[in-house]
Structures are given as C-alpha cells and as structure tokens.
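In our numbering, the protein residues as written are 156 to 391.
Glycine residues also receive a C-beta, built at the ideal position from the N, C-alpha and C atoms.
Accompanying notes for the structure given below.
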Amino acid sequence: MYIFSMTIVMMTPCLVSAHSLTPWAALYTPERAGGNFQFSIGDFYHPPTNYVDYYFENSVARNNFLYSFSDGRDEWGGMIITNETTFLDRAIFKIQYNPNIAASTAAYVECVSPSVGHYGPGEISTKMVVGNITNYSQKNQAQVFAHELGHVFGINDLYQVNDNLSSIYSNTYRYPSATQMDRNALYICLDIPWYYMSGPDRRAKYQKAPGVWARNESIEILGKLYTFDADGYVIN
Ligand SMILES: [Zn+2]
Numbered sequence: 156m157y158i159f160s161m162t163i164v165m166m167t168p169c170l171v172s173a174h175s176l177t178p179w180a181a182l183y184t185p186e187r188a189g190g191n192f193q194f195s196i197g198d199f200y201h202p203p204t205n206y207v208d209y210y211f212e213n214s215v216a217r218n219n220f221l222y223s224f225s226d227g228r229d230e231w232g233g234m235i236i237t238n239e240t241t242f243l244d245r246a247i248f249k250i251q252y253n254p255n256i257a258a259s260t261a262a263y264v265e266c267v268s269p270s271v272g273h274y275g276p277g278e279i280s281t282k283m284v285v286g287n288i289t290n291y292s293q294k295n296q297a298q299v300f301a302h303e304l305g306h307v308f309g310i311n312d313l314y315q316v317n318d319n320l321s322s323i324y325s326n327t328y329r330y331p332s333a334t335q336m337d338r339n340a341l342y343i344c345l346d347i348p349w350y351y352m353s354g355p356d357r358r359a360k361y362q363k364a365p366g367v368w369a370r371n372e373s374i375e376i377l378g379k380l381y382t383f384d385a386d387g388y389v390i391n
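Okay, here's the thing in structure tokens:
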C-alpha cells in the first residue's frame with residue numbers, strides 16, 4: 156500500500172488557518188520509528204478536522220467498497236468521521252477503483268506534498284486508488300481502507316523500514332483495527348497532539364510543539380485545564 160507523494164501545482168489559498176505537518180514530519184520520520192513512537196508523520200496537505208466529505212468516482216467503486224470503506228473508517232474507533240457527498244465542491248478526497256494497478260498493491264493514496272496547510276472544500280487533489288481487492292474478505296478490505304484513510308490525514312507507511320511495529324502502517328493485516336500508536340499519529344495530524352501509552356497503562360502526554368512535551372505545568376487545551384508531572388504525564 157504505497158503512498159505517492161506527488162508534487163502538484165499549488166492550489167488556491169485555503170481559507171482555514173494552516174496547521175502544517177512539516178515540523179512533525181521532520182521529527183517523526185519512518186527511519187526513527189520504534190520504541191515509544193511506532194508511527195511516522197508525512198509532509199502532506201491534510202484535512203482541517205476529523206470530519207471529511209468524500210465521494211466515489213463512479214457506481215462501480217461505490218458498489219464494490221461502500222461497506223468495507225465505512226468499516227475501515229470505524230477501525231479508527233470514532234476518531235474519523237466520513238460523509239459521502241454528491242456535492243463535489245465539498246469533497247476533500249475521492250475513491251477510485253482501478254483493478255489494473257500492480258497486483259502487489261492493494262491500494263494507494265496520492266497526496267500533495269509538501270504540506271503547508273489544509274485542504275479547502277472542493278480542492279480535491281487527494282485520491283484513494285483501490286486495486287483489485289474485490290476477492291478479499293470484507294475484513295481485509297476494511298483493513299485496507301483503515302490504512303489508506305490514515306494516509307489521507309498524513310500518516311506515513313512504515314513497512315519499508317520495519318514490518319514489526321505496532322501499527323497498521325507496518326503490517327496492515329496483523330491488527331483488527333488502528334493501534335494506539337496509529338491513533339497517537341492521528342492526534343498529531345488532527346492538531347490535538349495527545350499521546351497515550353499502549354496497553355493497560357493508558358496515561359497521556361501532550362506535545363505543545365513537535366518534541367516539546369508539557370511538563371511540570373498546567374495548560375489549557377481546548378478550553379480545559381490539564382496538569383502535567385515532571386515526566387510529562389497528565390495528573391488531572
Ligand atoms: Zn500505505
């Protein structure tokens with residue numbers, strides 16, 4: 156499941172303020188993934204919120220993948236909300252079916268690079284191209300879509316450097332849903348960079364800027380006050 160970073164002509168300026176993934180991508184490279192950071196951020200344009208409008212390019216694509224796509228979205232545990240639209244000027248990405256892409260590629264996402272901000276409605280330059288996976292189980296199809304949807308938001312592949320990380324970007328079919336590490340990556344892409352420990356230890360940390368953790372302080376995040384200890388864990 157390749158992600159192609161295409162250099163495309165600059166789009167018209169967006170109305171929303173820019174949340175650039177560029178500094179995050181510089182910190183969270185695929186090569187450094189491991190340990191506490193089993194994810195990587197891509198230097199891409201990305202949707203401004205977790206709510207995205209999209210459309211299927213044609214009825215064949217829709218008939219093939221409508222349900223497996225929504226199942227894949229749900230593998231993010233409610234973190235991503237998608238809305239199928241027929242109003243193309245609202246859509247942020249489209250889903251295309253092309254059974255003729257390489258047999259080894261289940262699907263890929265074409266993004267704009269580098270990231271200087273957000274897509275505006277109707278600036279469709281992100282395409283999710285789905286290959287010949289109609290013979291996959293619905294669960295495997297959903298896993299493909301969960302993986303590709305994270306690419307739309309700016310998460311990078313990891314399998315080239317390490318196929319044994321706790322991530323659907325390292326091994327798409329090993330996990331029934333997005334892992335905690337994948338979700339930590341998505342929080343960054345959504346500009347709410349909470350970081351949750353995996354497993355039974357669910358303690359949370361917060362990055363004020365790439366690599367700058369809230370520590371020994373109280374800060375307000377989205378209107379709520381949080382206090383962090385010396386190790387950066389939220390204590391209330
Ligand atoms: Zn991928």
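**Item:** Beta-carbon spacing of T327, G286 below 8 Å
**Value:** Translated into the one-based positions of the sequence shown, residue 327 becomes position 172. Translated into the one-based positions of the sequence shown, residue 286 becomes position 131. Against a cut-off of 8 Å, the Cβ pair of G286 and T327 comes out as no contact.
**Item:** Spatial distance of P178 from P365 (CA atoms)
**Value:** Counted from its first residue, the sequence shown places residue 178 at position 23. Counted from its first residue, the sequence shown places residue 365 at position 210. The straight-line gap from Cα to Cα measures roughly 7 Å.
**Prompt:** Do F199 and L176 have their CB atoms nearer than 8 Å?
**Reply:** Counting from one through the sequence shown, the residue named residue 199 turns up at place 44. Counting from one through the sequence shown, the residue named residue 176 turns up at place 21. Taking a C-beta distance under 8 Å as the contact criterion, F199 and L176 qualify as a contact pair.
**Residue nearest to V470 in terms of C-alpha spacing, selected from N218, Y314 and Y263** = Residue numbering for the chain in the displayed model covers 156 to 391; residue 470 lies beyond these limits and cannot be assessed.
**Request:** Output yes or no for whether 8 Å exceeds the beta carbon distance between F242 and Y209.
**Result:** In the sequence shown, counting from the first residue as 1, residue 242 sits at position 87. In the sequence shown, counting from the first residue as 1, residue 209 sits at position 54. Cβ distance not < 8 Å, so F242 and Y209 don't count as in contact.
**Request:** Taking all protein chains shown into account, decide if E186 is buried (16 or more other Cβ within 10 angstroms of its Cβ) or exposed.
**Result:** Walking along the sequence shown from the start, residue 186 turns up at place 31. Under this definition E186 is an exposed residue.
**Message:** Pairs of beta-carbons, one from the stretch 299–311 and one from the stretch 344–357, closer than 8 Å: are there three or more?
**Reply:** Taking 8 Å as the limit for Cβ pairs, the verdict is that the stretch 344–357 does touch the stretch 299–311.
**Message:** Within 10 Å of its beta-carbon, does K360 have 16 or more other beta-carbons around it, so buried, or fewer, so exposed?
**Reply:** To locate residue 360, count along the sequence shown from 1; it is residue 205. Buried.
**Request:** With a floor of 3 residues, list each beta strand (DSSP E) that falls wholly inside the stretch 194–262, ordered by position along the chain.
**Result:** If we require 3 residues or more, the beta strand (DSSP E) runs fully inside the stretch 194–262 come out as 206–211, 236–239 and 248–252.
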